[in-house]
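Sequence order for the protein chains is A and B. Take the first sequence: its letters are residues 0 to 357, numbered as in numbering that gives the first Met the number 0. Take the second sequence: its letters are residues 0 to 357, numbered as in numbering that gives the first Met the number 0. Every residue gets a Cβ at the ideal spot worked out from N, C-alpha and C, and that includes glycine. Remember, it's a predicted structure, so these values are computed and weren't measured experimentally. Report on the structure given below.
2 protein chains.
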Amino acid sequence: MEPVPSRPITIRDVARHAGVGLGTVSRVINNNPSVSSATRELVNQTIDELNYIPNPTARRLSLGKTLTIAVIAPFFSRPSTVERLRGIEHTLVESDYDLIIYNVETVERRDSCLRDVIRPERADGVIIISLSPRDEDIILLERAEVPVVLVDANHPSLTALNRIIVDDVEGGMMAADHLISLGHHRIGYISDILDNSFNFTSSRDRFRGYYQAIESANIEINPAYFAQGVHGLSEARRLAMKMLNLPIPPTAIFAASDTQALGVMEAARRLELRIPDDLSVIGYDDIEVASYLELTTMRQLLYESGQRGVDVLLQTLAEPHQNPVCELLPTELVVRKTTGPAPMINGLRSKINSLSAH
Amino acid sequence: MEPVPSRPITIRDVARHAGVGLGTVSRVINNNPSVSSATRELVNQTIDELNYIPNPTARRLSLGKTLTIAVIAPFFSRPSTVERLRGIEHTLVESDYDLIIYNVETVERRDSCLRDVIRPERADGVIIISLSPRDEDIILLERAEVPVVLVDANHPSLTALNRIIVDDVEGGMMAADHLISLGHHRIGYISDILDNSFNFTSSRDRFRGYYQAIESANIEINPAYFAQGVHGLSEARRLAMKMLNLPIPPTAIFAASDTQALGVMEAARRLELRIPDDLSVIGYDDIEVASYLELTTMRQLLYESGQRGVDVLLQTLAEPHQNPVCELLPTELVVRKTTGPAPMINGLRSKINSLSAH
DNA sequence: CTGTTAGCGCCTTCAT
DNA sequence: ATGAAGGCGCTAACAG
């Protein structure tokens, strides 16, 4: 019995201790059937004894695979992104792949990730979240030597790529229709910048749906009821304050995300507008906090989008030459307590009431 | 001029195209000064031409380093954890290290991470977030062959390990003292399970501080004013509802996290208790949403804790034999609008008022 | 300064 | 069924 060396244990140590060739040890590790159960047992025992773990780096080099999945995600601290990442992480943890997250907060970073990460030396597969490719990215993506899955991202001329998508136009329409059906005519839309350098399309598409719904209902479009600003609660609050201080303010506001809806609700609180009596608010995403704040919102399957993204990627990795899939995830209206019938006279009515009551 | 091969470009291709030895190319890549600027220029040009990127896996194997930092983090979707991870990611992105996150949601996973991740074959350095080692983990950690930094985690008999810590006892005391100074005598504490299998210590320590503050103020301890449950908004809401329905309910509640404070606020809303008139609420962490909901809370430097963790780790990596550092991050009371003077008679006074006014 | 060579630890063919 | 040998792409030590 030789002593356990202090340097890292290698496959060679195991082979020597077990008195077999190192090819045999390798076969045992990789569950190669052509090993007698006797020697397999012996080798496994030695492995335990030495507390041996195969060096992942060496495996990768030898296999010519990275054994890692890369995820390119914008603003990974946003609740919706976090939820998608959770779905990815949970699903991937059971596989042999490592997960490495590339957080994108600038366009430069976006471009460098697109350029450098989607390479076989970096990852065996790539998931891109919410970053819809621009025209010039298409070629890059379509001839990538690594399988790619787009989650919550799309492009009209894209058919060769796996995608998990949602219909944000439809979602925006459903949200606006909900408000219209409650009798609202003055419906605001507050979102992050529609024409942004990241090419985020969701707020734009939701706006399109909102617009269509308003038009179909023969409601006059009022440009003052649309406001865009940097994403975040405080900016949304600022925009909502401004909008609600209009001479004739909206009676309902559709926010492009739940986070922004929280900002709208906060603005209403500061203006002492009651929700939903004076102002209806609807958000988007159905993040965790939405249900506790009784926020009416459009639910999209965030967690599942990540989950499905990984499923599709692993499937592609297992059988490389499948046809690319394009999976549409449903969007659903969740009515809670922040939306209600439009006020009779105008949005200020009950505010005046409550003020005079003081 | 030879054609660009379709298989991945290697250092050998570059060497051949440039008409130099492959050692020279390696030197150029690694900024080894002993290359004439002429050949350096030539090589760099060839690298650009071939769009060559060194294979990271091969580099790792050859260097005997993984060039990755591992982060072991519990429940990475929690806002406080996300914020810490943001600090880590931002700081690490400028280095040459990859980041790989191990999300821990079960004790089994915690143990397997502790066992398998803290190995030189897996990572060059490890950051452990909020998972305080148990007695039996100490030995494992102290003789780890990889530098480890604990962030928001600690152990009394731990001096050989880098740590970024906070004083949660002090924080709990400050929170309770704030309420006491407002005249509150019936102060509830709502937290996640103090004696949990993950050995999370923060809620326990904050409870200790809370308890000490109450005692020092000669306020009678009422066990009914302490409730624990699984972490999360809804459970906190449930516990708060129950506590606020006591015959003599508390006039103030200290929640062990902002998320739980939101649950308390939600409970108050449902019971039509006004904040802070009928009920004062104080949270912990100062996550983003806290400022918008005007939540009084204990601020701890979440982002910075990650940042400092990485700084310390990179420092240790650069100069391995430094003395371990133990850095205490400050905790600060942020008074907003959810805490106010204790009601005169009892917590129900204004509730009764508002009900009779209906 | 630069080309050559010997590994890094593992997997995989090729013999046996 | 198993041992031996070559190679994955790169770095670093050595020789010139």
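Opposing strand residues paired with residue i [DSSP bridges]
i	result
V364 of chain B	Outside the modelled stretch of chain B, which goes from 0 to 357, sits residue 364 of chain B, for which no answer is possible.
M297 of chain B	B:Y283, B:L332
A226 of chain A	A:I189
C325 of chain B	B:R162
I100 of chain B	B:V70
Coil, strand or helix - residue i by DSSP
i	result
D191 of chain A	strand
P73 of chain B	strand
I117 of chain B	coil
I247 of chain A	coil
I252 of chain A	strand
N31 of chain A	coil
E93 of chain B	coil
D67 of chain A	Looking at the sequence itself, residue 67 of chain A is Thr, so the reference to Asp does not match. Strand at T67 of chain A.
L292 of chain B	coil
V106 of chain A	helix
M264 of chain A	helix
L181 of chain A	coil
V311 of chain A	helix
T9 of chain A	coil
L139 of chain B	helix
G208 of chain A	helix
G305 of chain A	helix
A317 of chain B	helix
P275 of chain B	coil
V168 of chain B	helix
T258 of chain B	helix
N43 of chain B	helix
E219 of chain B	coil
Exposed unless 16 or more other CB atoms sit within 10 angstroms - verdict on residue i
i	result
N217 of chain A	exposed
H177 of chain B	buried
V81 of chain A	buried
L160 of chain A	buried
H183 of chain B	buried
H320 of chain B	exposed
G208 of chain B	buried
I8 of chain A	buried
E265 of chain B	buried
N102 of chain B	buried
E120 of chain A	buried
T158 of chain B	exposed
L301 of chain A	buried
Cβ shell of residue i (< 6 Å), same chain only, five flanking positions each side left out
i	result
Q306 of chain A	G86, T90
H230 of chain B	D191
T338 of chain B	P275, S279, I281, T295
E234 of chain B	G228
F225 of chain B	Y188
S201 of chain A	D167
A356 of chain B	The predicted position of A356 of chain B is uncertain, since its pLDDT is 42 and thus under 50; no value can be drawn from it.
Candidates the options, of which the one nearest residue i by Cα
i	options	result
D191 of chain B	B:V92, B:R185, B:D204	B:D204
T105 of chain A	A:L113, A:L98, A:I99	A:L113
A69 of chain A	A:L21, A:A122, A:L245	A:A122
I147 of chain A	A:I46, A:R109, A:G124	Inspection of the sequence shows that residue 147 of chain A is occupied by Val rather than by Ile. The candidate whose alpha carbon is nearest that of V147 of chain A is A:G124.
P78 of chain A	A:R335, A:Q314, A:L261, A:E293	A:L261
N29 of chain A	A:V309, A:D95, A:A174, A:R142	A:D95
I186 of chain A	A:L292, A:I213, A:E40, A:V27	A:I213
L66 of chain B	A:L270, A:L66, A:T56, A:L62	A:T56
R118 of chain A	A:E141, A:L300, A:T250	A:E141
A341 of chain A	A:P248, A:E48, A:D257, A:L312	A:P248
S76 of chain A	B:V34, B:V263, B:V288	B:V288
H16 of chain B	B:A37, B:P32, B:Q44	B:Q44
S256 of chain B	B:D285, B:P246, B:D115	B:D285
A174 of chain A	A:R335, A:I10, A:M343	A:R335
Q299 of chain B	B:V24, B:T23, B:Y283, B:V309	B:Y283
A223 of chain A	A:I252, A:L232, A:R58	A:I252
Contacting residues, own chain, Cβ-Cβ under 7 Å from residue i (five flanking each side not counted)
i	result
F197 of chain B	P73, V106, R109, L130
S304 of chain B	R83, G86, V150, D151, I163, L328
H154 of chain B	S131, P132, I137
Cutoff 8 Å; reference residue i; Cβ partners in own chain excluding five residues on either side
i	result
L49 of chain A	V3, I8, D12, V13, H16
L270 of chain B	M240, L243, N244, K350
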